[in-house]
Amino acid sequence: MIQMTRQVEGNHPDVTAAGSPGGEPIRRVAPVAASDRPREACGVFGVRDPQQSASHLTYLGLFTLQHRGQESAGIAVSDGTKILVDKDMGLVASIFNDHRLQALPGNMAIGHTRYATTGASAWDGAQPVSRGAGGVYFALGHNGNLVNTEELAARYPAEVFGSDSDVVATMLAADLTTRSHGSLVDAVTAVLPQLQGAFSLVIMDETRLIGARDPHGFRPLFLGRLETGGWVLASETPALFVVGATVEREISPGEIVVIDDDGVHSHRFADVQKRRLCTFEFVYVSRPDGVLAGTSVDAARRRAGIALARQAPVEADLVVPIPESSISGALGYATESGIPYGLALIKSPYIGRSFIAPTQARRDTALRLKFGPIVENIAGRRLVVVEDSLIRASTFRKTVRMLRDAGATELHLRVLSPPYRWPCYYGMDTGDRTTLIAATKTIEQIRIDLDVDSLVYLDLDRLVEAINPQPAGLCTACMTGDYPVPVPTASRRP
Ligand code: SF4
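As numbered in the UniProt record's numbering, the sequence shown has no gaps in its residue numbers, which increase by one up to the final residue, 494.
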């Protein structure tokens, strides 16, 4: 709603406020409400182009990254002398229109789409966050999740924080006034080594655009080049293509890039540690038309489907995906098995996360709004149903009922990833262990619970081989419990 929108000038007193007024205290940070599926953490975008409107380019980038966060979106833009921030709850296209983008003039901008993994799901958690300190105004967008937020927040006992990103902004502001004396690059270089966990960041002051990635590279971040001489940062490669940029390279884990009038400057704030790119970026999060660590996401999902067909063949009439992230995997399964590929469910492109269903009856309606069955493809058929993952599986249970009601005679569930038994602390909200169906049930119990005729998860080694990221290693913590960056012990208790 327009009343919630706040446009903040760089010299506005709110910019210097520590923490968001009314934000949820973050002394103890916990993932927000459990989700039925893994929810994407965030998408980040940044552009510096002397010849084009940065806010319009950022809108295109955020629109392309909408799948990474559908709760809120925001743009911070600089005209070289001041920073304006405009953010709101909702989808990118519902927040910004041409009139609103025209009110954000300038040739440098960062943008953010958010799904809350820490802090409140509210306007105060929307990004970019902004601050003014030491004569510098800056804005910041964060994809990922820190695991030492409580410890960092405790350094500022008088402050109230809306998210872990808010804590990072406050640390930068404090460093600007005490140690870095107005150099944002120095402040970023000093603060980032203190952060533990996952972070891909876009940051800017009035004249410089900065990108940075944690030493494990949990979340992706790319650098792109525009023909006009401009530069782009984005969570995924399709967001580079949509603004006409070519992929220059990935930001390296532990690297800071600073983009100014002289081009791109690279600094290191940490040695590259063992790379741990999120496996679920390939399985579920990233767009299939993107490339991660030199690997096509679509190709990786197809190979996973092929591997699943080899691991778990079954006699059936049709291979069907649960749209949309399972489509590539289902095509792979169908190709390898020789069973025809088809569609059983059509997903509405218009149902977003903002659809609120307070009662059971309304939730059932929500599923019917989300999926429409193609009865002719289902009735009397034995279906191989390919799904990317099972987290809580409550929606999938209803999906099975929908397929049974439409006349499916057999349902064979094939999952393109191993059982998801451990919560993610690195930027995807999956709820705590008690909500994860594979943490509390055996596979046979899950099969019975879901009312399917057979159930097979893809083995981890087959999945890793299918992804085959070059040169990145993968995080597999949610499937193995082997966390590459230690997480709070109390948080791991089931
Ligand atoms: S724990 Fe799972 S979801 Fe989280 S970063 Fe690791 S692989 Fe990705």
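Don't be surprised by glycine CBs; every beta carbon is placed ideally from N, CA and C.
Contact set for residue i: own chain, Cβ-Cβ below 6 angstroms, skip 5 residues either direction
i: L146; result: D164, L195 and G197
i: V386; result: P321, S326, G329, A330, Y333 and R414
i: T480; result: none
i: H265; result: V258
i: H56; result: L101
i: D451; result: V400
i: A169; result: V129, R131 and L140
i: A73; result: L62, V92, I95 and T113
Start and end residues, alpha helix (DSSP H) containing residue i
i: K347; result: Element bounds for K347: not the alpha helix (DSSP H) but the beta strand (DSSP E), L345 to K347.
i: V297; result: V297 to Q311
i: Y59; result: A54 to T64
i: R401; result: S394 to D405
i: M479; result: A477 to T480
i: T189; result: L184 to V191
i: P241; result: Looking at the sequence provided, one finds Phe at residue 241 rather than Pro. That run of the alpha helix (DSSP H) goes T237 to F241.
i: I467; result: L460 to I467
i: E376; result: V375 to I378
i: S337; result: I327 to S337
i: T440; result: I437 to T440
i: I256; result: It is not in any alpha helix (DSSP H) - I256 instead sits in the beta strand (DSSP E) that spans E255 to D260.
i: V167; result: D164 to T178
i: R447; result: I443 to L450
i: V94; result: The identity of residue 94 in the sequence shown is Ser, whereas the question assumes Val. Start and end: V92 to I95.
i: E150; result: T149 to A153
Top-ranked residue by Cα proximity to residue i, from the options
i: V202; options: P193, P215 and V188; result: V188
i: A477; options: N468, V487, Q470 and P469; result: V487
i: V257; options: L209, L474 and C424; result: L209
i: residue 503; options: V44, P50 and S454; result: In the structure displayed, the chain extends from 1 to 494; residue 503 sits before or after that span and is not available.
i: residue 495; options: R276, H112, L57 and S394; result: For residue 495 there is no data in the structure shown, the boundaries of the chain being 1 and 494.
i: D166; options: V384, G125 and D453; result: G125
i: R404; options: L172, D453, P313 and E315; result: D453
i: I374; options: A76, H181, A344 and I75; result: A344
i: residue 508; options: L474, F63 and L367; result: Nothing can be reported for residue 508: it is not among the residues displayed for the chain, which extend from 1 to 494.
i: R421; options: A153, T440 and R381; result: T440
i: A133; options: H67, D205, L91 and S94; result: D205
i: N143; options: C278, P193 and S394; result: C278
i: E281; options: R68, G46 and G224; result: R68
i: I351; options: Y341, L369, S337 and R155; result: L369
i: M89; options: L104, G106 and P128; result: P128
i: T64; options: P238, A316 and E410; result: P238
i: T81; options: Y115, G135 and V47; result: G135
i: N468; options: D432, I391, R397 and V297; result: V297
i: P340; options: G372, L383, E324 and P323; result: L383
i: residue 496; options: N107, H99 and A103; result: Only positions 1 to 494 of the chain appear in the structure, and residue 496 is not among them; the question remains open.
i: P193; options: F269, F199, G182 and R213; result: F269
Same chain, Cβ closer than 7 angstroms to residue i, five either side skipped, listed in chain order
i: A379; result: A406 and G407
i: L458; result: A304, A307, L308, Q311, V415, L416, S417 and P418
i: residue 495; result: The shown model of the chain, from 1 to 494, leaves out residue 495, and the question about it has no answer.
Span of the beta strand (DSSP E), counted from its first residue to its last, around residue i
i: residue 497; result: Here the chain comprises residues numbered 1 to 494, so residue 497 is not present and cannot be evaluated.
i: F45; result: C42 to R48
i: G224; result: F222 to R225
i: D86; result: I83 to M89
i: M108; result: M108 to R114
i: T409; result: From DSSP, T409 is part of no beta strand (DSSP E); its letter is neither H nor E.
i: M204; result: S200 to M204
i: H99; result: Not the beta strand (DSSP E): H99 falls in the alpha helix (DSSP H), residues D98 to Q102.
i: V456; result: S454 to Y457
i: V77; result: S72 to S78
i: S130; result: V129 to A133
Cβ-based burial, residue i [other Cβ within 10 Å; buried from 16]
i: G162; result: buried
i: T434; result: exposed
i: E71; result: buried
i: Y137; result: buried
i: S35; result: Residue placement at S35 cannot be trusted, given a pLDDT of 44 that sits under 50; the coordinates are not used to answer.
i: R220; result: Contrary to the premise, residue 220 reads as Pro rather than Arg in this sequence. With 16 or more Cβ atoms within 10 Å of its Cβ, P220 is classed as buried.
i: A173; result: buried
i: K87; result: buried
i: P157; result: exposed
i: P50; result: exposed
i: I83; result: buried
i: R249; result: exposed
i: D429; result: buried
Cut-off 8 angstroms between Cβ atoms - residues of its own chain near residue i, not counting five sequence neighbours on either side
i: Q470; result: A293, G294 and T295
i: G244; result: L226 and E227
i: D271; result: P215 and G254
i: G473; result: K274, R275, R276 and L277
Chain B contact for residue i (CB, 8 angstroms cutoff)
i: D49; result: Absence of chain B from the displayed structure is noted, only one protein chain being present.
### Query
Can you list, in chain order, every residue whose CB sits closer than 5 angstroms to a heavy atom of the ligand SF4?
C278, T279, F280, C424, Y426, M428, C475, A477 and C478
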